[in-house]
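Protein chains in written order, with UniProt numbering: chain A, 1 to 296; chain B, 1 to 349. Okay, structure first, notes after.
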Amino acid sequence: MSAAPPVAQVTPAGTSVPAGGRLPAQKKSRSLPRAIRFGLGLIVPTLIVGGWQLVVSAKLLPSALLPAPGKVIETFGLWLGIKDTPQMFYSGHLLGDVGATSQRVIVGFALATVMGVVVGTAIGVWTLADYLLTPTLRVLGPIPPPTWIPVVIVIVGIGQSANYTLTFLGALFPVVASTVTAVSGVNRELLRAGRMMGHGQLGLIAQVVIPGALPGIVGGLRIGLGLAWMMAVTSEMLAVHSGLGYTLWNAYNYFDYPAVFAAMILTGLCGLLSDVVLQLLTRKATEWHAETGVRR
Amino acid sequence: MRFARLWAAVAALLIAGTALAGCGSSSTGNSDPSTSKGTIVVASPQCAHCLAMTLLTDKVPGYDVKVEQFGTLTGLAASLAAGKIDVGQIDYTGLVSMIDKGLPLVAISGQVNGGSDFVVSPSVDLDPDDWAAFKDLVLQRKAEGKKFKIASEFGSVQDIELRLQLPEKGIDANQDVEFVNVPYQGMAQALQNGSVDAAIPVQPIAATITNSKIGVHFAYPYDQAAGDLTNVVVVNKDWLAKNPDRIEAVMQGMNTLVPDLSTPQGQKDWAAAVEKYTGTSSADTTTALAQLKPDIAMPFSQIKAIAHAMYEQNLISTDLSVATLKEHIDYGPLSQATGKTPAELGAGS
């Protein structure tokens, strides 16, 4: 038996990828060793920290307002519990704080993902849903999530449920918006092909529309995940006793800027890590899209 | 398409209208520009006490006064430390935090004290000031595994006052009750839906809560070492050293403003400022102002008590010494403006 000849693939976007699966340009960029890619990613943060240290050394601002990087690292030690003195309200609580906020992000973001994709798909597919929901979403979307705090207290009270709700609200709107755009942009040829294969409305949505829209949806999920972190940390100013935001807001209230900076950095790192996890989880389903992209 | 155009038109109108309405958000003095020696930028947050600072505009001889409103005390303090504003009104816990962090600020005058109100939910059956019954209730709730929940804005003077007050009544603030961090603006809602049993708001929010019967006054938390200290006026250390004339003018202004706040006309002007900036009703404003005590003194022993309490709560990193605190409190300009001795203005150890 002779091997089958290589065949060009058709992606859900309706474009074709040459036999072998990858465009030469992508192959070239992906061939960079992991260490070099990691090194490239460190250049900008290193410049930022270097600039930060320069500004501190030049004493352009009071050190209490702009602490040196070294002071922030010391505060990490205090927060982690490696350093004993001075004893602050956050001493030794770092892992617990990361765990508490992560839990709030996961619950809020998961709820926003389910609701956002369902509502976004409905709007993208059905005109009636569009007319019914879009005006409301356009009004609600620009409202800064922290201003929901009093409303959320009235509706769900205070405690974890309020944090979950606020995190959910923070992540929801970008997920809906990106889903609407991605679903609306699914190639009509694919829909026609799906119908010819005998799919009904729901079958088309599940088998053609969602897979075809997934790259756009994932983009929205990544934005939503960032906002979920932002909102989880913001919501922790309210009625909690742990979390990155709890530490950040209390430190902010007491002018403990090294702790504020440490909490900001740690929030960013947690956001980065969760984004990497999201990319890994969705990579398989969106690989076809990456391979038809223009990036070199 | 027509639908989209309609939306675009409505959005454009809204944005344009808002942009026009948003012009001019700070007040300026009305002194004669030809005789003005310059402008002094004064900043304050937006509590009822704080809004008294807006009345300083025509009371600083020889200078125009521009008053900036800040949403948060932290933003105000950071601007002051960074030299972006000249004179700031903050609270005493803010002052202590800033001294602990080595910020170059100096307190130069008291302003308005009081304004804290420990309110309980109407469902909590307690007579005002019946601390014995309160203690019984707290301990009973603790034994049942449902700690008595108190909404408090962490970091505020009100928070510290209550944490100092409870031990005076035989209640462990860390073990017997649960302090829940709720911003002032969320306290009414938290009481309303039963998320908390009590709250310690500031005026005029406290007045809104009690007048609307969402909460019931229980006690004023002043029976402790820090008393009712609330607001203080501070300047940047450099600015203090380099601007003796301006400092003298500001102190003369404070010496006119603070006594004036207790007069009928002063109360009327103050109420107008509170209603204008916070949207509080006239009835609530009247209740709020009745709880505020203008006081230009800076009682050192009470400031020290606040600093010690904050250290005990792990909110600041050092138990500030008398010498350190004194470096950041200057009674000189106030003494000169009022003709009183530093001891009469609260200096001591």
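Where a beta carbon is used, it is the ideal one built from N, C-alpha and C, also for glycine.
Take the alpha-carbon of Y222 of chain B and the one of V124 of chain B: they are about 22 Å apart.
If you ignore the 5 residues before and after P174 of chain A, its C-beta comes within less than 7 Å of the C-beta of G220, I223, G224 and L227, all in its own chain and listed in chain order.
Separation of V44 of chain A and R104 of chain A (C-alpha to C-alpha, rounded to the nearest whole angstrom) is 30 Å.
For the 9 Å CB-CB criterion, G159 of chain A and A182 of chain A do not form a contact. Interface flag for Q87 of chain A against chain B is set, since a Cβ pair is found closer than 9 Å. Among the residues facing chain A, L315 of chain B is included, as its CB has a counterpart in that chain under 9 Å away. Apart from sequence neighbours up to five positions away, the residues of its chain that approach V186 of chain A with a beta-carbon distance below 6 Å are V209, G212 and A213, ordered along the chain. Among the CB atoms of chain B, one or more fall inside 9 Å of the CB of L238 of chain A. For V107 of chain A, same chain residues with a beta-carbon under 6 Å away, outside a window of 5 residues either side, are Y164 in chain order. Among the residues facing chain A, A151 of chain B is included, as its CB has a counterpart in that chain under 9 Å away. A Cβ-Cβ separation of about 20 Å leaves P294 of chain B out of contact with V235 of chain B under the 8 Å criterion. Residues of chain A whose Cβ lies closer than 9 Å to the Cβ of V180 of chain B are, in chain order, I158, G159, L238, A239, V240 and H241. Cα atoms of L32 of chain A and L280 of chain A: separation of roughly 19 Å, rounded to the nearest angstrom. Annotation: the segment 23-82 of chain B contains the following complete segments of the beta strand (DSSP E) (minimum length 3 residues), in chain order: 39-44 and 64-69.
Membership of P174 of chain A in the alpha helix (DSSP H) is indicated by the continuous run Q160 to S184. A buried status is given to F134 of chain B, since no fewer than 16 other beta-carbon atoms sit within 10 Å of its beta-carbon.
Taking C-beta atoms under 8 Å as the contact rule, Q189 of chain B and I153 of chain A qualify, at a distance of about 4 Å. Assigned with DSSP and collapsed to three states, N174 of chain B falls in coil, not helix or strand.
No residue range can be given for H241 of chain A, since it is assigned to no beta strand (DSSP E) and is classified by DSSP as neither H nor E. Contact of G71 of chain B with chain A is not assigned, every C-beta pair being separated by 9 Å or more.
For L61 of chain A, the residues of chain B that pass the 7 Å Cβ criterion are A82, in the order they occur in the chain. Here DSSP, grouped into helix, strand and coil, assigns D91 of chain B to strand. Linking R138 of chain A to D91 of chain B through their CA atoms gives a straight-line distance of about 40 Å. Take K59 of chain A, set aside five residues on each side of it, and no residue of its chain has a beta-carbon closer than 7 Å to its own. Take A232 of chain A, set aside five residues on each side of it, and the residues of its chain with a beta-carbon closer than 7 Å to its own are T101, R104, V105, G108, N163, T167 and G245, in chain order.
Contact check for I160 of chain B against Q291 of chain B fails: the beta carbons are separated by 9 Å or more. P150 of chain A reaches chain B at Q185, G186 and Q189, counting residues in chain order whose Cβ is nearer than 7 Å.
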